[in-house]
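In full-length UniProt numbering, the protein residues as written are 1 to 409.
Here is the structure we will look at.
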Amino acid sequence: MNINAERLKSTLRELSQIGYNESDHGVYRWGFTDADMEARRWFLNLAEQEGFKCHMDGAGNVFAGIGDYHETPAVLTGSHLDTVPAGGMFDGALGVLAGLEVLRTLKENDVKLKHPVWVVGTAEEEGRFGGMMGSQALAGVVNMDWLMSAHDADGVYLKDAMAKHDLDVMDVLDAAWPPSRLKAFYELHIEQGPVLFNEEVSIGAVEGISGVFKWIVHLKGKADHAGTAPMNMRSDAFMGLADFAHEIERIIAEDGTDKTRITVGKVELKPGSPHTVPGEAIFTIVGRDMSNEVMNDLADACRKALSAIARKHRLMFEYEQVSWLKPQSCSDKLTQIIEKSAKARNLSCIRMPSGAGHDTQFFSEITQAGLIFIPSVNGVSHAPDEWSHWHDVEAGANILLDCILNSAE
Numbered sequence: 001m002n003i004n005a006e007r008l009k010s011t012l013r014e015l016s017q018i019g020y021n022e023s024d025h026g027v028y029r030w031g032f033t034d035a036d037m038e039a040r041r042w043f044l045n046l047a048e049q050e051g052f053k054c055h056m057d058g059a060g061n062v063f064a065g066i067g068d069y070h071e072t073p074a075v076l077t078g079s080h081l082d083t084v085p086a087g088g089m090f091d092g093a094l095g096v097l098a099g100l101e102v103l104r105t106l107k108e109n110d111v112k113l114k115h116p117v118w119v120v121g122t123a124e125e126e127g128r129f130g131g132m133m134g135s136q137a138l139a140g141v142v143n144m145d146w147l148m149s150a151h152d153a154d155g156v157y158l159k160d161a162m163a164k165h166d167l168d169v170m171d172v173l174d175a176a177w178p179p180s181r182l183k184a185f186y187e188l189h190i191e192q193g194p195v196l197f198n199e200e201v202s203i204g205a206v207e208g209i210s211g212v213f214k215w216i217v218h219l220k221g222k223a224d225h226a227g228t229a230p231m232n233m234r235s236d237a238f239m240g241l242a243d244f245a246h247e248i249e250r251i252i253a254e255d256g257t258d259k260t261r262i263t264v265g266k267v268e269l270k271p272g273s274p275h276t277v278p279g280e281a282i283f284t285i286v287g288r289d290m291s292n293e294v295m296n297d298l299a300d301a302c303r304k305a306l307s308a309i310a311r312k313h314r315l316m317f318e319y320e321q322v323s324w325l326k327p328q329s330c331s332d333k334l335t336q337i338i339e340k341s342a343k344a345r346n347l348s349c350i351r352m353p354s355g356a357g358h359d360t361q362f363f364s365e366i367t368q369a370g371l372i373f374i375p376s377v378n379g380v381s382h383a384p385d386e387w388s389h390w391h392d393v394e395a396g397a398n399i400l401l402d403c404i405l406n407s408a409e
């Protein structure tokens, strides 16, 4: 049995038009923006038109499926529908729409399975408000305090972003699935790295997922006239930021591993005038590693470095930890099923870690969870030129189909 590759291709292309930007060719479906919610409605309408049960929960997660998961534990598959700003067409969307394509294939072949099969398009996976809110809600690991205080780097609160779309943030607490409702979870995703592409391997069977922490940092000095303030008398917030950027390689060398990543991805300087010494630098730090202990060491090293830099430049250092997601192992049983499915289809396959976070790491807390990778061309992701070849998309979707059939029988 095989999925319909042309139909999946067409559906992916259709979704990629929601939030598409003509100027930079990126996809903009940042969590709980108008485009993100449009994509969720589009998915529900499509699933309903094709005869599947469907609904949206209080966290904004959207579902479509076959069978009743209240009576028998379900095999769930899916990924996220939101994107980073100027993202690509495959990140997240592939897993959701490949799951829908599996449902279509099961339906048109009149396949009868012991367990229900459902697809989820999770909400707010890309971390606009910190964490992976949709899958965290399903795993039951969000709380009221976080929901009320969560905000993005521009100061927009999660509760307000949801309210704009008639969603009550407190309903997120009702979205949790008990472990008894699930038999297994599978996620198909692009690798977002160069390993599979460079080694010409078709399928990655993921063994574990990197942990990640996110900070919003404030370095506060004093704004001053760029022409009259002597260089040695300034409290220049940007110089503090620049010094920290140079410290990143040292921190990784001393406290990290070959799996460590530290990124400053968003920066704002205030007051933001070409003729004014920056009085404040606001920026994000995102750290990743496969070990929670190493992540703690990295966080300590970043704090110490920033404190020393602040003293050097006469600045005040403050930071907020927006999220801390621990590394997570995937189910070895499901990883073996992925490997066996690839072998049966004569597709090359390797076991590998994931340097990026995925919904799978939270589903792993409540059920057996497996993560399937396909190659990303040149390893590019989170960018308009993110691409995966259609033959790899087809191969990955067929592996997903085989795995679901195996677990749902």
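Ideal placement from N, C-alpha and C gives every residue a C-beta, glycine not left out.
In the DSSP assignment, Thr284 falls within the unbroken beta strand (DSSP E) covering 280-289. The C-beta of Glu394 has 16 or more other C-beta atoms within 10 Å across all chains shown, which makes the residue buried.
Assignment of Phe90 by DSSP, reduced to helix, strand and coil, places it in the coil class. Ser354 is positioned such that its CB atom lies closer than 7 Å to that of Ile209. A direct Cα-Cα distance of roughly 13 Å separates Gly140 from Met170. Within the DSSP secondary-structure output, Gly256 pairs in no beta bridge. Per the C-alpha coordinates, the member of Pro179, Asn143, Gly287, Phe197 positioned closest to Val172 is Asn143. Leu315 sits in coil when the DSSP states are folded into three classes, being neither helix nor strand.
By the Cβ criterion, the stretch 150-166 is not in contact with the stretch 67-79, since fewer than three pairs of Cβ atoms, one from each stretch, lie closer than 8 Å. By the Cβ criterion, the stretch 193-209 is in contact with the stretch 339-358, since at least three pairs of Cβ atoms, one from each stretch, lie closer than 8 Å. In the DSSP assignment, Trp118 is bridged to Gly65, Leu76.
Between the alpha carbons of Asp297 and Glu101 lies a gap of roughly 43 Å. Around the beta carbon of Met316, fewer than 16 other beta carbons sit within 10 angstroms, so the residue counts as exposed.
A distance below 8 Å between beta-carbons, with the five flanking residues on each side excluded, links Lys304 to no residue of its chain. For Asn61, same chain residues with a beta-carbon under 6 Å away, outside a window of 5 residues either side, are Val120, Thr122, Ala123, Gly134 in chain order. For Gly130, same chain residues with a beta-carbon under 7 Å away, outside a window of 5 residues either side, are Ala150, Lys214, Val322, Ser323 in chain order. With fewer than three CB-CB distances shorter than 8 Å, the stretch 214-233 does not count as touching the stretch 364-373.
Around the Cβ of Arg128, a 10 Å sphere holds 16 or more other Cβ atoms; the residue is buried. Taking the Cα positions, Thr83 is about 16 Å away from Lys266.
Here DSSP, grouped into helix, strand and coil, assigns Glu187 to strand. Contact annotation: Lys326 and Gly240 have beta-carbon atoms that are not nearer than 7 Å. Under the DSSP assignment, Gly204 falls in the beta strand (DSSP E) whose first and last residues are 203-209. Just so you know, the alpha carbons of Ser341 and Asn398 end up roughly 9 Å apart. Membership of Arg234 in any beta strand (DSSP E) is not indicated, and neither H nor E is assigned to it by DSSP. Apart from the 5 residues on each side of it in sequence, Gln328 sits with its Cβ closer than 7 Å to the Cβ of Gly208, Ile209, Gln361, Ser364 in its chain, given in chain order. Taken in chain order, the unbroken stretches of alpha helix (DSSP H) that lie wholly in the stretch 97-176 and span 4 residues or more are 133-139, 144-149, 158-163.
Approximately 5 Å separates the beta-carbon atoms of Lys183 and His115; this is inside 8 Å, confirming the contact.
Residue state for Leu182 is assigned as strand, using DSSP reduced to three classes. For Cys349, the three-state secondary structure derived from DSSP is strand.
Where Thr263 is concerned, there is no enclosing alpha helix (DSSP H), although the beta strand (DSSP E) around it starts and stops at 261-263.
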